[in-house]
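Worksheet: one structure, shown below.
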Amino acid sequence: MPTSGGKASRIFHRPLTLILFFFAGGILIGKVVSPLYETILLALYLSLILCLLSMLFLSRRLKIYVMLFAFFLTGILLSSNIGSSSQLLPHAHKSKRAVIEGTVLETVKRKPGMCRLRVRVLTCRFEEETNLVNEDLLVTIYDPVTPIRPGEKIRFPARLRPFKDFNNPGHYEYEAAMVLKGFSCAATVSDGRYVVPMGPGRMPFPHNLLERIRAPVRDFLRDNLNTRDAALFYALILGERHSIDQDLRESFNKTGLGHILAVSGLHIGLVAWFSFFVLKSILSRSYRVILATDIRRLSALLTSFPVFLYTCLAGFQVSSQRAMIMVMVFLFSLIAGRQREVWSSLALAALVILALDPQAIFSMSFQLSFGAVIGILWITPVFLKALPSPHGPREKRPLFYRLYLYFGGLIAATSAATIFLLPLISFYFHRVSLAGILANITAVPILGMWVLPSGLLSLGILPFSTKMAGFLLGLSAWGLNIMMEVIDLWAGLSWSSVWTITPNLFEMSLFYLLLIAIFFVGYRLWARRLLLVLTIIMIADIGYWIHRVHFNKDLRVTFLDVGQASSAFIEFPGGKKMLIDGGGFPRDYFDVGKMVVAPFLWRSKISHIDYLVLSHPQADHMNGLRFIARHFHPTEFWYNGDEVDTPSYRELMAIVESQDVKKHLPRSLFGRRHINGVTVDVLHPPPGDKALGLSSPSRRLNNRSLVLKISYGGKAFLFPGDIERTGEIALMAHAGKSLKSNILLSPHHGSSRSNMEGFLRMVKPEVCVISSGHGNAFGFPHSETIRRLKKVGCRVIRIDQTGAVGFRVNKRLVQMRTFVGGETPL
2 MPTSGGKASR IFHRPLTLIL FFFAGGILIG KVVSPLYETI LLALYLSLIL CLLSMLFLSR
62 RLKIYVMLFA FFLTGILLSS NIGSSSQLLP HAHKSKRAVI EGTVLETVKR KPGMCRLRVR
122 VLTCRFEEET NLVNEDLLVT IYDPVTPIRP GEKIRFPARL RPFKDFNNPG HYEYEAAMVL
182 KGFSCAATVS DGRYVVPMGP GRMPFPHNLL ERIRAPVRDF LRDNLNTRDA ALFYALILGE
242 RHSIDQDLRE SFNKTGLGHI LAVSGLHIGL VAWFSFFVLK SILSRSYRVI LATDIRRLSA
302 LLTSFPVFLY TCLAGFQVSS QRAMIMVMVF LFSLIAGRQR EVWSSLALAA LVILALDPQA
362 IFSMSFQLSF GAVIGILWIT PVFLKALPSP HGPREKRPLF YRLYLYFGGL IAATSAATIF
422 LLPLISFYFH RVSLAGILAN ITAVPILGMW VLPSGLLSLG ILPFSTKMAG FLLGLSAWGL
482 NIMMEVIDLW AGLSWSSVWT ITPNLFEMSL FYLLLIAIFF VGYRLWARRL LLVLTIIMIA
542 DIGYWIHRVH FNKDLRVTFL DVGQASSAFI EFPGGKKMLI DGGGFPRDYF DVGKMVVAPF
602 LWRSKISHID YLVLSHPQAD HMNGLRFIAR HFHPTEFWYN GDEVDTPSYR ELMAIVESQD
662 VKKHLPRSLF GRRHINGVTV DVLHPPPGDK ALGLSSPSRR LNNRSLVLKI SYGGKAFLFP
722 GDIERTGEIA LMAHAGKSLK SNILLSPHHG SSRSNMEGFL RMVKPEVCVI SSGHGNAFGF
782 PHSETIRRLK KVGCRVIRID QTGAVGFRVN KRLVQMRTFV GGETPL
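Anchor point for the sequence shown: position 819 equals 820 in my numbering, and the numbering is continuous, going up by one each time.
Take a look at the structure:
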């Protein structure tokens, strides 16, 4: 009969993994209970103190469980105790203007017509009040004039604004990501001429030291390489991706090699592996060193120096810091002679990182880095066992077999990491690279054995010989060009990558449970039973989504949060789908279709749109449709026929033409259509009518917006685009009483030049949804519009306050759900 001590020893066979499990669990629970933190703070501290005191009197077995619970409580306390003490954030929520002085900390990220930079604020003046501040701002400067370098002090007037998510189901948590990066809020400078250089600034430690190292490296790369190669070396060596254009980035994304462009675990691991190999080879040549010490341990100790130096060269960014900690822990395990305890080493690395920054567990880079290592450690041995093993002593095996083992191991490790990361990659990137394994096994060796070693060696020689450094850099660039030829080859394949639906947290958990069940199914009865249960659940989940997407019996209308823009998604009974407008921004730096609308659709397991509708060709309605038109294979494209001479309009129409989408103008749309029992009326503009709008081209476009009314189950939705007073009068004249609708999308985002009282009385809406952005420059929705809506007895829903608004209509009821407030019947 096993003793309690025996059980304890089994539990503590890998104690660090258990401690990590409870500590991380506490951090996750702390995130949930953080709103109650002040209430439960005393209870948490008392519980932790009692746990620590009780360990003095308990048996060994009980001490184990109490200690684990203490780590759990510590995780809750560390996670919940992180709050914002920003001086600037309260002003940002009020969109206040300020005059700011600060020092530029990082290389400026430039795009045509704008730039973004990280500024450490020193002083911030609001009207007559001046505050001393020590916070980081993300500053956007439009039409920059003066070149700005890291370490420079600048003064500029700006409007502060908080980071704000697009609050739709499946949205990317932009606000949390910016907080994790250390930013307090954002600031916008409308004209670069307002930025005043003030000479060298005082950069805080370690930014000042790091910039002294990085600045000459940046100049050396720029002076000795062409534009593309310099941009890639900035990313590979300095961790600066700002110079990589979208087309170049797309090649890496298609091939699943986007991780190469961020200095993280791969790069630092390659530096550690190469340094350890070289140092061990050098040390093994000395018999005296071999006799005096363990050269493996000594090599591991010496390897820590190039690893640390490379992390500093890469800017000591968060991702590279975490990767350095992981590598240092594994080197320490080698020095301590515990290299076989790889799981304990991984757990220790995670504990160190989470103790320093508990919020790291919520970051994408942390999850992907540790997920890749877990997949490699867990699944790779399974693949390696399937490889035929050559016979004979290792030293007598032919070169062919050694290459076979090397590439076999590389394929196994890459496949293992890819399989384990599949749910996370689908969740964060909505894209899976089918050529990823082939691209990794062909490109990464070139990077690790040629490009990085020779590139870093050139920088090491730079202080002593510029000529030799230039030669080695040219050799590295040669390898880079070969690597890019390989990447472009795989990226050019039509099947290199596919956009995919997004799994939810339940489905991701199901996937990992399935992996566990499959891993143990050969020799554990519980695993076979678990596999059967999970298979049934998976089939049920697939069946639910097939029914939900293709055989639903309700009409569902969702007004998306796309900022100061408009986009509405309609799901007809029986599976037909329609998207009315796609949002967008005038400067077109941010693809709303790709980053906001498409993730919502993928989260809803939708990959096809039947009807793509453009109310009128203005950026805030049109720009987001390009990505949807290219990747969601619409059957029909409805638009009012107006043409504008803008790049985004030309691109959209070129995509529609190339996809063989059937186009419909007002002359073929005007009147009534029936889609799976739902009535769709196109009310405006009348065919051939181009007289609306008078002098202003933008008003003419607004007043000729395509106006749709969608009716089902005795309820109606009206989508009036951006029509203004002239358009409303024309619409009332030829539509009359047929305008009456239960739910109205407020014309022109709640402008006072629209939403005339006569129009509202004819529509008689019960609910009016206003799609406008938080703190927008137009002041929408206008207070006069709100007054008019309340006067006609209409309930007002503002998307900037509630997030996405969804309506579900059937024969019996209408339900409304807002992203922030939840579901309510109407």
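A virtual CB, placed ideally from N, CA and C, is assigned to each residue, including glycine. Nothing here was measured: the structure is a model prediction, and the numbers come from that model.
Inter-residue Cα distance where the pair is residue i and residue j
i    : j    : result
I438 : A263 : 19 Å
V190 : P145 : 9 Å
T4   : T536 : In this prediction, T4 has a pLDDT of 44, which is less than 50 and means its spatial position is unreliable; nothing more can be read from the coordinates.
L695 : V815 : With a pLDDT of 48 at L695, under the threshold of 50, the predicted position of this residue should be treated as unreliable, though the coordinate-derived value follows. Each residue's Cα considered, the two are about 40 Å apart.
F23  : T104 : 41 Å
L352 : L21  : 6 Å
N553 : V810 : 11 Å
I543 : M817 : 26 Å
R119 : A361 : 21 Å
Y513 : F421 : 8 Å
K97  : L106 : 24 Å
L37  : L79  : 14 Å
V481 : F253 : According to the sequence shown, residue 481 is Leu rather than Val. Rounded to whole angstroms, L481 to F253 spans 13 Å at the Cα level.
T256 : R341 : 33 Å
I375 : P382 : 12 Å
L181 : S364 : 8 Å
I354 : T304 : 21 Å
R529 : L388 : 25 Å
Y402 : L411 : 14 Å
P16  : A273 : 27 Å
Neighbourhood of residue i by C-beta, 7 Å cutoff - its chain only, sequence neighbours within 5 removed
i    : result
T856 : Any property of residue 856 remains undetermined from this structure, which presents the chain solely from 2 to 827.
N777 : Q565
F601 : N169, P170, G171 and L561
Environment of residue i [buried if 16+ CB atoms lie within 10 Å]
i    : result
E39  : exposed
G456 : buried
W527 : exposed
R162 : buried
Y545 : exposed
F277 : buried
M329 : buried
P269 : Strictly speaking, residue 269 in this sequence is Ile, with Pro absent from that position. Buried: at least 16 other Cβ atoms inside 10 Å.
F58  : exposed
Which listed residue (the options) has its alpha carbon closest to that of residue i
i    : options                   : result
I610 : A418, A44 and W639        : W639
I547 : K577, T819, Q565 and A231 : K577
F718 : R701, M733, S739 and N704 : S739
K834 : D220, D555 and L561       : Because residue 834 is not part of the residues shown, which for the chain are 2 to 827, the question remains open.
K386 : A413, N441, I375 and I442 : A413
N704 : R298, S287, W379 and L684 : L684
V662 : T108, Y612 and I291       : Y612
L423 : A373, I581 and G200       : A373
R117 : T141, R98, F127 and E129  : T141
V793 : R762, D582 and G316       : R762
F333 : V308, P688 and A356       : V308
Cβ-based neighbour list, residue i, same chain, cut-off 8 Å, excluding 5 preceding and 5 following
i    : result
I77  : G27, I28, I30, G31, V34 and L45
S370 : S265, G266, S320, R323, A324 and M327
E212 : P151, G152 and M204
S649 : G585, D589, A620, M623, N624 and R627
H665 : E637, F638, W639 and Y640
F428 : T503, P504 and M509
E174 : D166
Supposed contact pair residue j and residue i - C-beta distance, whole angstroms, cut 8 Å
i    : j    : result
V433 : T501 : 5 Å
G728 : S706 : 7 Å
H750 : E725 : About 11 Å separates the two Cβ atoms, so there is no contact after all.
G594 : I629 : 5 Å
K110 : H243 : 4 Å
S608 : F633 : 7 Å
I744 : E758 : Not confirmed; about 19 Å, so no contact.
A440 : L271 : At roughly 16 Å, the Cβ-Cβ gap does not stay under 8 Å, so A440 and L271 are not in contact.
R61  : E102 : About 60 Å; that fails the 8 Å criterion.
L222 : A236 : Rounded, the Cβ-Cβ distance is 11 Å, inconsistent with contact.
Close beta carbons around residue i, own chain, < 6 Å, minus the five adjacent residues each side
i    : result
G139 : The residue you asked about is not Gly; residue 139 is Leu in the sequence shown. F184 and A187, listed in sequence order.
R835 : Residue 835 cannot be examined here, being either before or after the span of the chain that is shown, 2 to 827.
CB contact check: residue i to chain D, cutoff 8 Å
i    : result
S659 : Here there is only one protein chain, and chain D is not present.
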